[in-house]
Amino acid sequence: MNSIEEPTRYFARLTEQVGIFEYIVKINDIGCFVTDEVNDWEKDEDYKDEALSNTHMYVELSYDEAKECLIIWNREI
């Protein structure tokens, strides 16, 4: 049985300031990871369900949008 690799998805937690994200959640076939301006990527499955279901607090980012923000934060995509 061949498994199909799920594409990586990126979600940004919104803040009250437009265009400013509190942190980014990355979800892929390995797991769920979170990073922000201060902390590097950490695996944390607790963010997965919230990022996928709470459209009032999170926005899904394209690869390029996530990359742009992560470059500013000096993080790898």
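Heads up, the sequence shown is in our numbering, so the first residue is 642 and it goes up one at a time. Quick reminder that beta carbons are idealized off the backbone N, C-alpha and C, glycines included.
| query | result |
| --- | --- |
| Reducing DSSP to helix, strand and coil, say where E663 ends up. | strand |
| Going by the DSSP bridge assignment, what does Y699 pair with across the sheet? | R654 |
| If you measure between the beta carbons of V659 and Y699, is that distance less than 9 Å? | no |
| Using CA atoms only, rank isn't needed, just tell me which of N669, V679 and P648 is closest to Y688. | N669 |
| I'd like the span of the beta strand (DSSP E) that includes V679, first residue to last. | Taken as a continuous stretch (DSSP letters only), V679 belongs to no beta strand (DSSP E), as it is neither H nor E. |
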